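Chemist:
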Ligand SMILES: [Ca+2]
């Protein structure tokens with residue numbers, strides 16, 4: 121019996137660790153901008169078709185500082201990464217008056233994940249050669265101009281899912297796409313509506329999900345448990 125409970129405990133711990141959205145050991149990029157700068161990022165349009173403005177750093181409630189665009193300007197920053205993986209996860213806390221976007225870049229092409237406050241939706245799309253624009257998701261959200269947390273993920277089979285505000289809105293498997301499996305950068309596009317309106321990103325985290333070994337350990341634990349019950 122002791123062994124049974126021990127195995128149950130291990131399986132439970134593994135299950136919880138698998139479900140956790142907390143810091144992961146395989147984080148590719150994380151920045152919360154609370155040091156008051158965006159060092160490591162450059163004011164660049166990875167498409168090479170515009171000369172974007174630099175975002176400002178603004179203090180935000182509950183989040184220290186955020187990168188933001190005010191007024192009518194369109195601000196953009198880019199951070200290099202080097203990732204080859206089908207599964208990945210992009211998380212951010214963002215606020216949108218018009219739109220805040222995070223891109224997973226493959227050269228000048230990219231996956232585009234948008235807090236699209238102007239249209240009261242979250243949108244995910246793919247752009248190729250600056251003209252192709254394949255939309256995967258157009259999902260209405262509540263309180264579109266407030267701060268929200270977004271988790272966009274793609275699994276090993278290429279299925280995309282959305283989790284907003286820690287499970288308040290979940291859209292599983294809304295598209296299957298593996299057009300890009302290597303990425304050389306992460307970019308933000310921040311577009312406000314004008315005046316004192318602000319579109320901002322408080323933090324971003326790009327990670328590769330836990331390797332399958334933990335899942336295999338959990339499955340192995342269950343198998344041992346089942347065997348002991350026989
Ligand atoms: Ca922050």
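Residue numbers (my numbering): 121 to 350.
We put the beta carbon where it would ideally sit given N, CA and C, even for glycine.
In this text, all values refer to a predicted model and were calculated from it rather than measured experimentally.
1. Whose CB is closer than 6 Å to a heavy atom of ligand 1? List the residues in chain order.
2. Would you decide whether residue 217 is buried or exposed? Buried here means 16 or more other CB atoms lie within 10 Å of its CB.
3. Please name the residue, chosen from 190, 159 and 264, that lies closest to residue 315 on a Cα-to-Cα basis.
4. Note the first and the last residue of the continuous beta strand (DSSP E) segment covering residue 328.
5. Using three-state DSSP, classify residue 283 as helix, strand or coil.
6. Using C-beta distances below 7 Å, list every residue in its chain close to residue 168, excluding the 5 sequence neighbours before and after it, in chain order.
7. Less than 7 Å between the beta carbons of residue 284 and residue 303, yes or no?
8. For residue 249, does the count of other Cβ atoms within 10 angstroms reach 16, so buried, or fall short, so exposed?
9. Just the Cα atoms here: how many angstroms apart are residue 215 and residue 235?
10. Starting from residue 88 and walking both ways along the beta strand (DSSP E), at which residues does that stretch end?
11. Thinking C-alpha only, which one of 230, 261 and 301 is nearest residue 351?
12. What's the C-alpha gap between residue 258 and residue 241?
13. Nearest to residue 247 by alpha carbon, out of 224, 237 and 326?
14. What are the residues that DSSP puts in a beta bridge with residue 313?
15. Look at the alpha carbon of residue 206 and the alpha carbon of residue 290, and state the distance between them as a whole number of angstroms.
16. For residue 211, which of helix, strand or coil comes out of DSSP?
17. Looking at C-alpha atoms only, which residue of 267, 273 and 154 is the closest neighbour of residue 329?
18. Hey, would you say residue 305 sits closer than 7 Å to residue 264, going by beta carbons?
19. Which one of 293, 311 and 166 has the shortest CA to CA distance from residue 200?
20. Candidates 308, 170, 204 and 153: which alpha carbon is nearest residue 182's?
Modeler: In brief:
1. 152, 153, 154, 183, 184, 185, 186, 322 and 323
2. Start at 1 with the first residue of the chain shown, and residue 217 comes out as number 97. The residue in question, residue 217, is buried, as its Cβ has 16 or more Cβ neighbours within 10 Å.
3. Residue 315 sits at position 195 when you count from the first residue of the chain shown. Cα-wise, what sits closest to residue 315 is 190.
4. Taking the first residue of the chain shown as position 1, residue 328 is located at position 208. Careful: residue 328 lies outside any beta strand (DSSP E) and carries neither H nor E.
5. Position 163 of the chain shown holds residue 283. Note: residue 283 maps to strand in three-state DSSP.
6. Here residue 168 corresponds to residue number 48 of the chain shown, with the count starting at 1. Cβ neighbours of residue 168 beyond the five flanking positions: 228.
7. Here residue 284 is taken as the residue at index 164 of the chain shown, counted from 1. Here residue 303 is taken as the residue at index 183 of the chain shown, counted from 1. No, these two residues do not count as a Cβ contact at 7 Å.
8. As a working note, residue 249 is residue 129 in the chain shown. Counting Cβ neighbours within 10 Å, residue 249 comes out exposed, since fewer than 16 surround it.
9. Looking up residue 215 in the chain shown gives position 95. Looking up residue 235 in the chain shown gives position 115. Going by the C-alpha atoms only, they are around 7 Å apart.
10. Residue coverage of the chain in this structure runs from 121 to 350, which leaves residue 88 outside it and unanswerable.
11. For the chain, the structure presents residues 121 to 350; residue 351 sits outside this window and is missing.
12. Here the question's residue 258 lines up with position 138 in the chain shown. Here the question's residue 241 lines up with position 121 in the chain shown. Taking the straight line joining both Cα atoms gives about 6 Å.
13. Against the chain shown, residue 247 aligns to sequence position 127. Taking only the C-alpha atoms, the option nearest residue 247 is 224.
14. Taking the chain shown and counting its residues from 1, the one referred to as residue 313 is at position 193. None, per the DSSP bridge assignment.
15. By 1-based counting over the chain shown, the position of residue 206 is 86. By 1-based counting over the chain shown, the position of residue 290 is 170. Going by the C-alpha atoms only, they are around 21 Å apart.
16. Against the chain shown, residue 211 aligns to sequence position 91. Three-state DSSP puts residue 211 in a strand.
17. As a working mapping, residue 329 is identified with position 209 in the chain shown. For the residues 267, 273 and 154, the minimum Cα distance to residue 329 belongs to 273.
18. By one-based count along the chain shown, residue 305 stands at place 185. By one-based count along the chain shown, residue 264 stands at place 144. No, they are not a contact pair.
19. What you label residue 200 is simply residue 80 of the chain shown in a count that begins at 1. It is 166 whose Cα lies nearest to the Cα of residue 200.
20. The sequence position of residue 182 within the chain shown is 62, counting from 1. Per the Cα distances, 153.
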